[in-house]
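Each remark here refers to the structure printed beneath this line.
Number of protein chains: 2
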Amino acid sequence: MGILVVGSVAFDSIETPFGRGEHVLGGSATYFSTSASFFTDVSLVAVVGEDFPEEHVAFLRSRNVDLRGLSREQGKTFHWKGKYGYDLNEAQTLETHLNVFESFRPCIPDAYRDAEYLFLANIDPELQMEVLNQVEHPRVVACDTMNFWISSKPEALRRVVAKVDIFIINEGEARQLTGQANLVKAARQILDMGVKTLIIKRGEYGVLMFSDSSVFAAPAYPLEEVFDPTGAGDTFAGGFMGYLANTGDISEAGLRQAIIFGSVMASFNVEDFSLNRLKRLGYREIEERYRSFKSLTHFEGIADGHGGALAPA
Amino acid sequence: MGILVVGSVAFDSIETPFGRGEHVLGGSATYFSTSASFFTDVSLVAVVGEDFPEEHVAFLRSRNVDLRGLSREQGKTFHWKGKYGYDLNEAQTLETHLNVFESFRPCIPDAYRDAEYLFLANIDPELQMEVLNQVEHPRVVACDTMNFWISSKPEALRRVVAKVDIFIINEGEARQLTGQANLVKAARQILDMGVKTLIIKRGEYGVLMFSDSSVFAAPAYPLEEVFDPTGAGDTFAGGFMGYLANTGDISEAGLRQAIIFGSVMASFNVEDFSLNRLKRLGYREIEERYRSFKSLTHFEGIADGHGGALAPA
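Line by line, the protein sequences are chains V and Z.
With UniProt numbering, letter number 46 in the first sequence gets 46, and the count goes up by one each step, no holes.
With UniProt numbering, letter number 186 in the second sequence gets 186, and the count goes up by one each step, no holes.
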């Protein structure tokens with residue numbers, strides 16, 4: 001029941017109002033696989049350059065991530081430089097050095113081709129399709145994307161979306177993809193593209209999950225300290241997919257619990273730079289925060305015929 | 001167990017991407033009292049001018065709102081002109097004609113002075129304090145404000161906040177009042193000013209409620225059609241206070257249910273211009289949407305010792 005993730009392993013240089021990190025460990029596949037590793041076995045397909053230190057490889061290995069799909073190429077590792085203001089919802093990209101990632105053509109090792117759970121992190125939708133074609137009978141496929149692909153390769157992206165089960169994007173991307181300001185209408189249009197479950201991330205406002213027959217709203221955990229939102233989306237996806245793969249329960253109830261576990265993981269991740277918080281995270285903390293989400297959102301229902309009690313006495 | 005509300009009864013001229021309304025019925029006390037009237041008896045203190053039509057008075061009377069505190073003065077009624085773009089979270093004020101509202105000095109009729117529930121809608125905090133001094137032993141006092149008072153009369157506002165039980169403001173106002181970008185820290189600072197319960201409205205993202213010992217997050221109802229957000233905050237407050245006054249239950253559980261009823265009322269209000277949707281709203285719809293909020297937010301808890309299930313198999 002393990003997960004295969006295809007995405008980036010990278011260096012990030014990040015500036016927030018609370019500090020900065022230079023050449024710290026980052027990348028969508030890194031955040032995803034570290035987060036998912038708390039729930040299930042993960043195999044990773046990505047590329048790094050000659051400058052990628054053994055220390056980071058050892059960390060991923062310590063999380064039991066299968067790295068047979070991590071290739072090392074001549075040249076430098078993908079490096080993203082970004083900055084956040086006090087509005088931590090929006091990153092400002094300062095520099096993007098694709099380096100070895102520029103010629104990345106994901107080749108799925110034979111041992112991974114029967115993966116049951118597949119996460120296509122944010123890469124060129126044409127590459128996402130190549131990956132899909134190499135994986136035999138995945139039970140659940142989820143994918144992410146970004147504004148750059150929505151504007152530069154909308155048709156390729158739509159072909160991917162029509163083939164996956166779960167599409168995970170942020171609010172602005174949902175509006176951009178559909179040209180629809182109303183988020184519910186945008187969601188309906190995206191479901192009409194052929195995806196079964198649509199998850200819309202709203203940063204500090206939480207997550208909405210849409211299917212043909214239901215909508216689920218989960219808040220983000222209200223935190224007093226948010227140091228670095230980098231990787232929150234991939235950490236969310238890792239917790240979400242990790243829980244699904246662990247339980248095998250893809251019913252509406254199972255998907256909702258997975259959303260909360262994803263939100264739990266993301267809430268920890270933003271508490272420190274890079275993957276520092278995930279590195280010192282334990283199972284008990286994950287459980288405790290899941291329960292905090294429960295008490296954060298719980299309210300009593302109303303009995304039938306409560307209507308009488310609504311009217312003025 | 002009725003409620004007394006002090007605020008504005010006004011004309012609004014509104015433009016949204018979906019249409020426009022000229023000189024339609026508006027005002028904080030109007031929205032509040034109409035919404036609360038679905039739950040309890042409401043008495044209103046406000047002022048209108050000679051131009052205020054009998055038709056609007058008759059509507060409020062039809063909702064059983066006690067209008068002995070509605071005074072009619074020489075001059076014109078308060079008139080607000082505003083505009084919304086596709087981002088319906090933010091109104092742009094085009095014109096504000098205070099008219100008779102400029103010299104409004106709320107005088108609470110004797111018959112209202114023993115009100116148990118009091119809502120101080122968004123007016124000059126010095127006037128809010130005058131109202132507080134005229135009401136004898138209210139059980140629950142809630143108040144609203146706006147950015148204008150936060151910048152022009154911060155000290156007067158803080159004196160009011162220290163005297164009320166429940167403070168209802170929006171996200172930007174919470175940040176403005178405290179100079180604190182992090183909303184949880186801002187909330188703690190506002191609780192330290194002496195208020196017991198702080199409700200932070202986040203527009204289409206819902207509501208957070210803070211007390212010393214708990215946090216509650218409620219989403220807004222995801223709507224396909226949002227025509228006019230005007231009055232959503234006061235409609236929320238009306239449903240919230242109305243439910244509290246109806247049940248008398250101001251426990252944490254009662255406050256949470258009240259938050260959902262407030263959110264239900266606000267979700268209806270934005271579906272049409274002015275108070276048009278509230279005018280045709282029925283109890284059964286209110287109950288149904290409350291239940292929709294329940295299914296929108298519900299997820300299963302986890303059993304003790306679930307941690308084992310989290311670890312990779």
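From the three backbone atoms N, C-alpha and C, an ideal C-beta is built for every residue, glycine too.
When DSSP assignments are scanned along the region 242 to 285 of chain Z, the uninterrupted stretches of alpha helix (DSSP H) that are 4 or more residues long and fall wholly within it turn out to be 252 to 269, 276 to 279. Apart from sequence neighbours up to five positions away, the residues of its chain that approach ALA266/V with a beta-carbon distance below 6 Å are ALA232, THR235, PHE236, ordered along the chain. As a beta-bridge residue in DSSP terms, MET209/V pairs with ILE199/V, PHE216/V. The Cβ atoms of LYS83/Z and GLY49/Z do not sit closer than 8 Å to each other.
Listed along chain Z, the residues sitting closer than 8 Å to VAL226/V by beta-carbon distance are ASN182.
Residue contact check for ARG68/V against chain Z: no CB pair falls below 8 Å. The beta carbon of LYS201/Z sits closer than 6 Å to the beta carbons of ASN170, VAL207, GLY233 from its chain, once the five residues preceding and following it are set aside; these are given in chain order.
For GLU102/V, no CB of chain Z lies under 8 Å from its own CB, so it is not counted at the interface with that chain. Ranked by how close their Cα comes to the Cα of ALA181/Z, the residues VAL215/V, GLY172/V, VAL195/V, PHE227/V have PHE227/V in first place. Look at the region 196 to 212 of chain Z: the residues with a C-beta under 9 Å from a C-beta of chain V are ARG202, GLU204, TYR205, GLY206, LEU208, PHE210. The C-alpha of GLU95/Z lies about 25 Å from the C-alpha of LEU44/Z. Here the region 252 to 260 of chain V makes contact with the region 290 to 307 of chain Z; the two share three or more CB pairs at distances below 8 Å. Flagged as an interface residue toward chain Z: PRO219/V, by a C-beta distance shorter than 8 Å.
Taking the beta carbon of LEU296/V as reference, the chain Z residues within 7 Å of it are VAL215, PHE216, ALA217, listed in sequence order.
Apart from sequence neighbours up to five positions away, the residues of its chain that approach ALA111/Z with a beta-carbon distance below 7 Å are ARG68, ordered along the chain. Here PHE101/Z is buried, its C-beta having at least 16 other C-beta atoms within 10 Å. Here the C-alpha atom of GLY172/Z lies approximately 26 Å from the C-alpha atom of LEU25/Z. For GLU252/V against SER295/V, the beta-carbon gap comes to about 22 Å, at or over 8 Å, which does not count as contact.
THR178/Z and LEU88/V have their C-alpha atoms spaced approximately 18 Å apart. Distance from the Cα of PRO138/Z is smallest, within the candidate group ASN147/Z, ILE166/Z, GLN176/Z, for ILE166/Z. Nearest CB-CB separation between ILE260/V and chain Z: below the 8 Å threshold. Think of a sphere of 7 Å around the beta carbon of LYS185/Z: the chain V residues whose beta carbon falls inside it are GLU224, in chain order.
The C-beta distance from PHE119/V to VAL264/V rounds to 18 Å, too long to meet the 8 Å contact threshold. Note that the C-beta distance between PRO106/Z and VAL135/Z is not below 8 Å. With respect to PRO154/Z, GLY85/Z sits apart: the two C-beta atoms are not nearer than 8 Å. Nearest CB-CB separation between ALA253/V and chain Z: below the 8 Å threshold. In terms of Cβ geometry, SER33/Z and VAL65/Z form a close pair [threshold 8 Å].
Neighbourhood of ILE168/Z in chain V, by CB distance below 8 Å: empty, with the nearest CB roughly 17 Å away. By the criterion of a C-beta distance shorter than 6 Å, GLU15/V is surrounded in its chain by LYS83, once the five residues flanking it on both sides are discounted.
Scanning its chain for C-beta atoms nearer than 8 Å, with the 5 sequence neighbours on each side dropped, one finds around GLY239/Z the residues SER35, ALA36, PHE38, PHE39, ALA258, PHE261, GLY262, SER263, VAL264, MET265, ALA266, in chain order. Under the Cβ criterion of 8 Å, GLY301/Z is counted among the residues facing chain V. Exclusion of the five residues before and after ASN269/V leaves TYR31, SER35, GLY231, ALA232, THR235, LEU275, ARG277, LEU278 as the residues of its chain whose Cβ lies within less than 8 Å of its Cβ.
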